[in-house]
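Heads up: the protein sequence lines correspond to chains A, B, C, D, E and F, in order. Residues in the first sequence are numbered from 7 upward in steps of one, following my numbering. Residues in the second sequence are numbered from 7 upward in steps of one, following my numbering. Residues in the third sequence are numbered from 7 upward in steps of one, following my numbering. Residues in the fourth sequence are numbered from 7 upward in steps of one, following my numbering. Residues in the fifth sequence are numbered from 7 upward in steps of one, following my numbering. Residues in the sixth sequence are numbered from 7 upward in steps of one, following my numbering. Ideal Cβ positions, reconstructed from N, Cα and C, are used throughout, including at glycine. Only one structure is covered here, and it is reproduced in the block below.
Number of protein chains: 6
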Amino acid sequence: MHRGLYLGRFQPYHLGHHQVLKKIAKEVDEIIVGIGSAQKSHEIENPFTAGERVLMVSSAIEEFDIKHYVIPIEDIQRNSLWVSHVKSMVPPFEIAYTNNPLVIELLGEARIEVKQSPLFKRNNYSGTENKAQDA
Amino acid sequence: MHRGLYLGRFQPYHLGHHQVLKKIAKEVDEIIVGIGSAQKSHEIENPFTAGERVLMVSSAIEEFDIKHYVIPIEDIQRNSLWVSHVKSMVPPFEIAYTNNPLVIELLGEARIEVKQSPLFKRNNYSGTENKAQDA
Amino acid sequence: MHRGLYLGRFQPYHLGHHQVLKKIAKEVDEIIVGIGSAQKSHEIENPFTAGERVLMVSSAIEEFDIKHYVIPIEDIQRNSLWVSHVKSMVPPFEIAYTNNPLVIELLGEARIEVKQSPLFKRNNYSGTENKAQDA
Amino acid sequence: MHRGLYLGRFQPYHLGHHQVLKKIAKEVDEIIVGIGSAQKSHEIENPFTAGERVLMVSSAIEEFDIKHYVIPIEDIQRNSLWVSHVKSMVPPFEIAYTNNPLVIELLGEARIEVKQSPLFKRNNYSGTENKAQDA
Amino acid sequence: MHRGLYLGRFQPYHLGHHQVLKKIAKEVDEIIVGIGSAQKSHEIENPFTAGERVLMVSSAIEEFDIKHYVIPIEDIQRNSLWVSHVKSMVPPFEIAYTNNPLVIELLGEARIEVKQSPLFKRNNYSGTENKAQDA
Amino acid sequence: MHRGLYLGRFQPYHLGHHQVLKKIAKEVDEIIVGIGSAQKSHEIENPFTAGERVLMVSSAIEEFDIKHYVIPIEDIQRNSLWVSHVKSMVPPFEIAYTNNPLVIELLGEARIEVKQSPLFKRNNYSGTENKAQDA
Chain A
7 MHRGLYLGRF QPYHLGHHQV LKKIAKEVDE IIVGIGSAQK SHEIENPFTA GERVLMVSSA
67 IEEFDIKHYV IPIEDIQRNS LWVSHVKSMV PPFEIAYTNN PLVIELLGEA RIEVKQSPLF
127 KRNNYSGTEN KAQDA
Chain B
7 MHRGLYLGRF QPYHLGHHQV LKKIAKEVDE IIVGIGSAQK SHEIENPFTA GERVLMVSSA
67 IEEFDIKHYV IPIEDIQRNS LWVSHVKSMV PPFEIAYTNN PLVIELLGEA RIEVKQSPLF
127 KRNNYSGTEN KAQDA
Chain C
7 MHRGLYLGRF QPYHLGHHQV LKKIAKEVDE IIVGIGSAQK SHEIENPFTA GERVLMVSSA
67 IEEFDIKHYV IPIEDIQRNS LWVSHVKSMV PPFEIAYTNN PLVIELLGEA RIEVKQSPLF
127 KRNNYSGTEN KAQDA
Chain D
7 MHRGLYLGRF QPYHLGHHQV LKKIAKEVDE IIVGIGSAQK SHEIENPFTA GERVLMVSSA
67 IEEFDIKHYV IPIEDIQRNS LWVSHVKSMV PPFEIAYTNN PLVIELLGEA RIEVKQSPLF
127 KRNNYSGTEN KAQDA
Chain E
7 MHRGLYLGRF QPYHLGHHQV LKKIAKEVDE IIVGIGSAQK SHEIENPFTA GERVLMVSSA
67 IEEFDIKHYV IPIEDIQRNS LWVSHVKSMV PPFEIAYTNN PLVIELLGEA RIEVKQSPLF
127 KRNNYSGTEN KAQDA
Chain F
7 MHRGLYLGRF QPYHLGHHQV LKKIAKEVDE IIVGIGSAQK SHEIENPFTA GERVLMVSSA
67 IEEFDIKHYV IPIEDIQRNS LWVSHVKSMV PPFEIAYTNN PLVIELLGEA RIEVKQSPLF
127 KRNNYSGTEN KAQDA
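Right, dumping it as structure tokens:
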């Protein structure tokens, strides 16, 4: 069993996310989608509630016919606790997919395997502060 | 489309929960399972992390072959905000299933339909304080 | 009985606020003044404590000879919970007065009547982030 | 100008509170009523929201024909910060009225004058933990 | 270099703590004393502020002539984040000294070596809840 | 006994800090170093954890052969509570050393003696917001 974690805010879920998920679906047995900054909504950068984003992601991921978990993750406001926070909220995973430099660093310090790719680059996090929650 | 919300802490998920879910699965098109007190773990009353509980519930609910969402919900520590908090974290729902008196009251004030039944009574939350998060 | 809620940070209370209150006083039986970002003080944008602002507003509103409530409201940091938070802190109200676009949206989603007017436009909240707490 | 602060949770406001307020009204020029544990409601020990309690207290205090402020005060969860928190939320005051031993101690350490009386004894807060917020 | 972490609330620091520290001082090169529940004070179970406890512990530990760090650690309210929280607040350590069962479990899950001894048993934390912060 | 408090974030500890500490060491009997924004790390402006900063400062201060306390101080997010927060976390002190205008104001309101000097000017807090926690 190989479970992969894909992290994002999905404000909104778009084609870039979809292409990444398609690729991940071929590499793992089960996908966890972690919806970051779950407590944010009604902002220009964060228009949708976590519940709305769960609906968007869940609907899109059905296409890939893979067992999945779509999990809202509230911000913890402390980078040094963020990996433990994520691990407590989602099922165990063996690999994480992200191109966010801070998330890569935090996961790396926790000795969690991270995979990035040129494809993910289109899915980057422009305009956000350098916070793990903006993953 | 009729979506129902079933709330619990699932510490752990047990046969009583399973029977309730089986019954709900016959009444709605999609089920949302809200995992309350998501931030708690490693306590006698709350041994499992949210992630572990997501895994338990997701595994069990597959049997019913119904579209479902398993969503951790952290405590918000304010009863008067709890319904808004839950609504922000999960997809829209038309009916909620619970026998917790406080949750029934809070959902009722928010004019959300609540269904309880003798069956659910076996699934009650003995030994917990009178907090919405203990739903 | 018709009770109206007027929201602002009042950093400081100024003539624009006073003119709006004068107008509201003619339209309702009782006025609630909600002092937003109550926990903030000693900042350039937020110099006064909530207590100092309560004093300013209470002193000014006496002129209108109308039953009033001046209520500090701390930020809740979650837009989707903000209306429930405000409602829990103040007496029941039938109408809210504001020109803040986010507050108008949040109140509208909660089906609360909002009144804005050209006069209020002078009383806007320039230089603040797009947060409900900056109402 | 002599302003007095009277602290309580007022769950609910009762005759004991009313008699204390009557007595205070004779001793000061203005009364501040601080409604403690403002964020609590829908609990057996704390049934009413802060807004409901503001309404109760405001209605009752009109009888005494004295300038007054009725201010919800949320818990700060740290006894050593509680006096600073209260001072930031209410207008300046010269004297506080309470019989709560912890509040007396905290105000005393902050060199704030406290007045207690046998009359207040009827107005005590049985069944609550030893927290300043239960004042 | 071998650095050991000794955790407690030290409400107050007593002879039992002192004997444990004496023993630890012989086993490591440097001692970190982590003062738990740092934000608590003015309670029957937690009378002293973190600052007062820092003073007590610092004064006592001088006797052992060993490099030491006395660090207040605020509660994080989430057991699954507690080890990361402690690790972020104190210098790196190779071994922890405690007899608290929950702390032993949490440190064990994080693969941190824990040492307990009959001597420490005298130093246990009776009457406290089963929380990591009560270590 | 004359104890002085020196506040900073020490991200990282540098020569400017060291010169200030050297000067303070000549004026007081004991030094408290308060490490502000203790919960921050892994950010460009705040790269180091509190524990790493404790290690840096503790190592450097040994040179001055003066009794010292190096204490992480988490942000409290409310300027009006910040002085009480600091006082609860550190041993009693008679004088504080800082050039931060907000900290000077907050300490001054609390009638705590503050000392600044041209030397400290090199040690200023460029690029940070106007928050006490950025002291």
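Can you tell me which of the three DSSP states residue i falls into?
{"i": "ARG59(E)", "result": "helix"}
{"i": "PRO97(E)", "result": "coil"}
{"i": "GLU68(B)", "result": "helix"}
{"i": "HIS74(A)", "result": "strand"}
{"i": "ASN136(A)", "result": "The pLDDT assigned to ASN136(A) is 45, lower than 50, so where the model puts this residue is not dependable; a value taken from the coordinates is nonetheless given after this. Three-state DSSP puts ASN136(A) in coil, outside helix and strand."}
{"i": "ALA141(C)", "result": "Confidence is the limiting factor: at ALA141(C) the pLDDT is only 44, short of 50, which leaves the residue's position unreliable, though a coordinate-based value still follows. Three-state result, ALA141(C): coil."}
Please report how far the alpha carbon of residue i lies from the alpha carbon of residue j, in whole angstroms.
{"i": "PHE16(C)", "j": "SER47(C)", "result": "11 Å"}
{"i": "ILE118(B)", "j": "ALA31(B)", "result": "19 Å"}
{"i": "HIS20(C)", "j": "GLY42(C)", "result": "15 Å"}
{"i": "VAL89(E)", "j": "VAL76(F)", "result": "21 Å"}
{"i": "GLU188(F)", "j": "GLY114(F)", "result": "For residue 188(F) there is no data in the structure shown, the boundaries of chain F being 7 and 141."}
{"i": "ASN142(D)", "j": "HIS91(E)", "result": "It is not possible to answer for residue 142(D), since the shown part of chain D is limited to 7 through 141."}
{"i": "LYS73(B)", "j": "GLU36(B)", "result": "5 Å"}
{"i": "PRO97(D)", "j": "TYR103(D)", "result": "15 Å"}
{"i": "VAL120(C)", "j": "LEU112(C)", "result": "10 Å"}
{"i": "LEU61(E)", "j": "SER64(F)", "result": "16 Å"}
{"i": "GLU51(F)", "j": "LEU87(E)", "result": "24 Å"}
{"i": "ILE82(D)", "j": "ILE82(F)", "result": "11 Å"}
{"i": "GLY14(F)", "j": "LEU13(C)", "result": "37 Å"}
{"i": "ARG59(B)", "j": "ARG59(A)", "result": "21 Å"}
{"i": "VAL26(A)", "j": "GLY40(A)", "result": "14 Å"}
{"i": "HIS8(D)", "j": "THR55(E)", "result": "33 Å"}
{"i": "GLY143(D)", "j": "ILE110(F)", "result": "Beyond the ends of chain D as shown, which are 7 and 141, falls residue 143(D); an answer cannot be given."}
{"i": "ASP71(A)", "j": "ILE101(A)", "result": "20 Å"}
Out of the options, state which residue places its alpha-carbon closest to the alpha-carbon of residue i.
{"i": "GLY57(E)", "options": "ILE79(F), GLU68(F), HIS24(F), HIS23(F)", "result": "ILE79(F)"}
{"i": "ALA66(E)", "options": "GLY114(E), ALA116(E), ILE101(E), HIS24(E)", "result": "HIS24(E)"}
{"i": "ILE34(E)", "options": "PHE54(E), LEU113(E), LEU11(E)", "result": "Here the sequence assigns Val to residue 34(E), which means Ile is not the residue at that position. With distances taken between Cα atoms, VAL34(E) lies closest to LEU11(E)."}
{"i": "SER123(C)", "options": "SER94(C), LYS29(C), ILE38(C)", "result": "LYS29(C)"}
{"i": "ALA44(F)", "options": "ARG84(A), LEU13(A), GLU51(A)", "result": "ARG84(A)"}
{"i": "LEU108(F)", "options": "HIS8(C), LEU27(C), MET7(C), PRO53(C)", "result": "PRO53(C)"}
{"i": "PHE99(B)", "options": "ASP71(B), ARG59(B), ILE38(B)", "result": "ILE38(B)"}
{"i": "ALA116(A)", "options": "ARG9(E), SER94(E), LEU13(E)", "result": "SER94(E)"}
{"i": "LEU18(A)", "options": "ILE110(A), ARG9(A), HIS8(A), GLU49(A)", "result": "It should be pointed out that residue 18(A) corresponds to Pro in this sequence rather than to Leu. Of ILE110(A), ARG9(A), HIS8(A), GLU49(A), the residue nearest in Cα terms is GLU49(A)."}
Taking the beta strand (DSSP E) that residue i falls in, what are its first and last residues?
{"i": "VAL39(A)", "result": "36–41"}
{"i": "ARG9(E)", "result": "9–14"}
{"i": "GLU121(E)", "result": "The question names Glu, yet the displayed sequence has Lys at residue 121(E). Where LYS121(E) is concerned, the enclosing beta strand (DSSP E) stretches over 119–121."}
By the DSSP assignment, the alpha helix (DSSP H) with residue i in it spans what residues?
{"i": "ILE30(A)", "result": "21–31"}
{"i": "PRO107(F)", "result": "107–115"}
- Query: Between the stretch 48–77 of chain B and chain E, which residues of the former have CB atoms less than 7 Å from a CB of the latter, in chain order?
  - Reply: HIS48, GLU49, ILE50, THR55
- Relative to chain B, which residues along the stretch 75–101 of chain C have a C-beta separation below 8 Å, given in chain order? ILE82, ARG84, SER86, LEU87, VAL89, SER90, HIS91, LYS93, SER94
- Contact residues within the stretch 31–47 of chain D, judged by C-beta distance below 8 Å to chain C: ALA44, GLN45, SER47
- Please list the residues of the stretch 106–120 of chain F that have a C-beta atom closer than 8 Å to any C-beta atom in chain C, keeping them in chain order. LEU108, GLU111, LEU112
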